[in-house]
Amino acid sequence: MDKIKRFSAAVIAMSLACTMMASCGGSDDSSSSNGGSASKADTSSAAAESKEDASSAEDTAASEGGEESGDTSEDASASVDAADITPDPNYVHNYNFQGYDAFLMFADRSGWFWRNMMHEGSVYDTENFDVTDGETYGYGVDADIVGDGEYTVSITKDSIAQNNGVLNPQALINEDDGTIFAAEGCCVFCVDIVGICNGDFGSGKNEETGEWEMDQELKTNPLDDKLDNHWNIDAKGDYKPSDLKVKVTSIKCDGVEIDFDESKFFYGNIEATNNRYRIEIYNDYGFTATDPGVDPMGLTFNKSLEVTFTIEGLGEVKTFPEVTPFTPGA
Numbered sequence: 001m002d003k004i005k006r007f008s009a010a011v012i013a014m015s016l017a018c019t020m021m022a023s024c025g026g027s028d029d030s031s032s033s034n035g036g037s038a039s040k041a042d043t044s045s046a047a048a049e050s051k052e053d054a055s056s057a058e059d060t061a062a063s064e065g066g067e068e069s070g071d072t073s074e075d076a077s078a079s080v081d082a083a084d085i086t087p088d089p090n091y092v093h094n095y096n097f098q099g100y101d102a103f104l105m106f107a108d109r110s111g112w113f114w115r116n117m118m119h120e121g122s123v124y125d126t127e128n129f130d131v132t133d134g135e136t137y138g139y140g141v142d143a144d145i146v147g148d149g150e151y152t153v154s155i156t157k158d159s160i161a162q163n164n165g166v167l168n169p170q171a172l173i174n175e176d177d178g179t180i181f182a183a184e185g186c187c188v189f190c191v192d193i194v195g196i197c198n199g200d201f202g203s204g205k206n207e208e209t210g211e212w213e214m215d216q217e218l219k220t221n222p223l224d225d226k227l228d229n230h231w232n233i234d235a236k237g238d239y240k241p242s243d244l245k246v247k248v249t250s251i252k253c254d255g256v257e258i259d260f261d262e263s264k265f266f267y268g269n270i271e272a273t274n275n276r277y278r279i280e281i282y283n284d285y286g287f288t289a290t291d292p293g294v295d296p297m298g299l300t301f302n303k304s305l306e307v308t309f310t311i312e313g314l315g316e317v318k319t320f321p322e323v324t325p326f327t328p329g330a
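No gaps in the numbering here: position 75 of the sequence shown is 75 in the working numbering, and each next residue is one more.
Laid out in structure tokens, this is it:
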């Protein structure tokens, strides 16, 4: 593994702390428990456990012929056609969305090397985007939600490596042949739809009954109605969570369907501090940690991860204000 090039390794620990706070934070403004009630693990311990899990996985895989989940050895990588796992340096992300931008939020358990925490449309977020800062880009293949229907979001070996020529700070690339190492397990696995929620309600478990409540009225609305909710997560959106019916219909690793129990996923404005509608498939720090609907240890891929879902209740999606198209490389 000494031949592996780790891009911006020094930021990994900081990213673990900062990103999990962002992805799991909630609000205390609800009369009952919303996304903010989910406990937060010590990120330093999480990072250490992640490294231990990766090391243990490598030892196990080596002893079992490189077939088990967790194998990141060079021998196992050699068994895959290098061309199939080499990111395309000329890959161009999509920056044009007519409707709401939905993206796959993900972090693998082996070190967050397949991490994606932003949407592709973040390039239009004038409040937070920095063209030179890899932390402010999305590294997925997003979906343009223009009405009721079925949509697919994903991360791929091409999308995860760079955006606009800016390297994903946490991508793990083999220095010798340029191949990307496999994602092993998951600690964050969600779908977020940007701009949907109006901020009047959060979603979470009722403190007394333990039942999931899609609409928990917030004492104060944290969102700004003067910002453009097409791109900015702090802008007031257009729906309350219960207006929408969302359901995951398919999850694929490297194009192969995996088993899951959709009834154990959580839906709604889980963070309650921004306008994103979330499908929480699995989150170490969320509601799904204790009784997951997917196997967070067994999930593995080295080409792509994709989630397909249906959404109903949007009606006629509004027309968003026009912006100057983002030009890659400019």
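Backbone N, C-alpha and C define an ideal beta-carbon position, used for all residues, glycine too.
Only a predicted model underlies this, so the values are computations on that prediction, with no experimental measurement involved.
By alpha-carbon distance to Y139, the top candidate from T324, Q170, G111 is Q170. Here E280 is not near F260, since their CB atoms are 8 Å or more apart. Counting every other CB atom within 10 Å of its CB across the protein chains shown gives N221 a total below 16, marking it as exposed. For the set F181, V294, D142, the Cα lying nearest the Cα of A161 is the one of F181. Your pair G178 and T86 checks out as a contact, with CB atoms roughly 5 Å apart and the cut at 8 Å. In the DSSP annotation of this structure, the continuous segment of the beta strand (DSSP E) that includes M214 starts and ends at 212 to 217. The beta carbon of E211 sits closer than 8 Å to the beta carbons of K205 from its chain, once the five residues preceding and following it are set aside; these are given in chain order. E271 sits buried, since 16 or more C-beta atoms from the chains shown fall within 10 Å of its C-beta. Beta-bridge partners of I251 (DSSP): V307.
Annotation: the continuous beta strand (DSSP E) that includes G268 extends over 266 to 268. For V188, the enclosing beta strand (DSSP E) has its first and last residue at 186 to 193. Distance from the CA of N128 to the CA of T136, rounded to the nearest whole angstrom, comes to 7 Å.
Annotated three-state conformation of D144 is strand, per DSSP. Listed as beta-bridge partners of V166 by DSSP are N163. Ranking T327, F287, S159, I311 by CA distance to the CA of I145 puts I311 first. Counting along the chain, no beta strand (DSSP E) covers R276, and no H or E run does either.
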